[in-house]
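Below you'll find the structure, written out as structure tokens, and then a few comments.
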Amino acid sequence: MKIIAFNGSPRPAGNTEVLMNEAMKPLRDAGYDLRVFNLNTMNIKPCQDCGGCLTTGICIQKDEMREVFDAIREADRIILASPIFFFGLSAQAKAMIDRCQAFWCEKYLLKKTIPAGPHGRKGLLLLVGGMKKETGRECSAGTAKAFFRTVSVPEHEILFFGGVDAKGDIQKHPTALKEAYEAGKRLGT
Ligand SMILES: Cc1cc2nc3c(=O)[nH]c(=O)nc-3n(C[C@H](O)[C@H](O)[C@H](O)COP(=O)(O)O)c2cc1C
């Protein structure tokens, strides 16, 4: 099974990364092919709305998104992990998602969905926010749902942990790491 994981946090070893690593543990132990994209350090420009993908479903920008397009196409499982910034996904995560407009054109204009392999395609959304209120979860989940469906992932689970702000706070959360591990296990089935 091929699994890819997007870390949308700019903070090295931050709460998002710790949570994502925990979700990946059972998948790594199961021997699956895992690839992590640390979006903050990648050269991924925002979508230019140039229309270049409209008739082909292929983005004309030449940057590291090219690797991401291939990886998304081949993946059986996709993990999207992001801190909540201003009630939404981080800019790093959103830039990658917006570039998937190429997949949107392929799916909805050219009527081609990404074919699922024998394991199907499933997703996992991991969200961490400093505030306890649900607004950030709701806004981010809407964008993430649009992403997953656009890249032909028909189902995904969501884990959100609020009140997790300072670096390392996720380690002090009573259930977060266990919940992420269990969600990772389910993702591998
Ligand atoms: C630019 C910025 C905006 C933020 N906006 C929100 C927000 O709207 N809601 C929230 O719950 N937390 C917000 N936070 C707090 C982060 O979500 C929180 O610190 C999180 O734990 C960071 O995860 P990380 O360690 O993986 O980067 C914001 C933090 C930053 C730096």
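According to our numbering, the sequence shown holds residues -12 to 176 in order.
All residues carry an ideal CB built from backbone N, CA and C; glycine is no exception.
Remember, it's a predicted structure, so these values are computed and weren't measured experimentally.
Look at the beta carbons and you see the region 110 to 118 touching the region 0 to 19: at least three pairs across the two are nearer than 8 Å. The DSSP-derived three-state label of Ala0 is coil.
Between the alpha carbons of Ser139 and Phe73 lies a distance of about 27 Å. Here DSSP, grouped into helix, strand and coil, assigns Leu111 to strand.
One thing to note: Lys(-11) has its Cβ no nearer than 8 Å to the Cβ of Gly171. The C-alpha of Cys92 lies about 7 Å from the C-alpha of Cys40.
Taking 7 Å as the cut-off, one finds at least one heavy atom of ligand 1 near enough to the beta carbon of Asp152. With a cut-off of 7 Å, the C-beta of Thr137 is classified as distant from ligand 1, since no heavy atom of the ligand falls inside that distance. At a cut-off of 7 Å, the beta-carbon of Asn27 does not count as near ligand 1: no heavy atom of the ligand is closer than that.
For the set Thr176, Thr162 and Ala89, the Cα lying nearest the Cα of Cys34 is the one of Ala89. Its chain contains Thr100, Thr137 and Ser139 as the residues whose beta carbon lies nearer than 7 Å to that of Lys94, once the 5 sequence neighbours on both sides are disregarded; these appear in chain order. A residue is called buried once 16 or more other Cβ atoms fall within 10 Å of its Cβ, and Asp152, having fewer, is exposed.
DSSP, reduced to helix, strand and coil, places Gly175 outside both helices and strands of the structure shown, so it counts as coil.
Look at Lys154 here: in three-state DSSP terms it is coil, with no helix or strand label. Per the Cβ contact rule, the region 19 to 26 is not in contact with the region 152 to 162 (fewer than 3 Cβ pairs under 8 Å).
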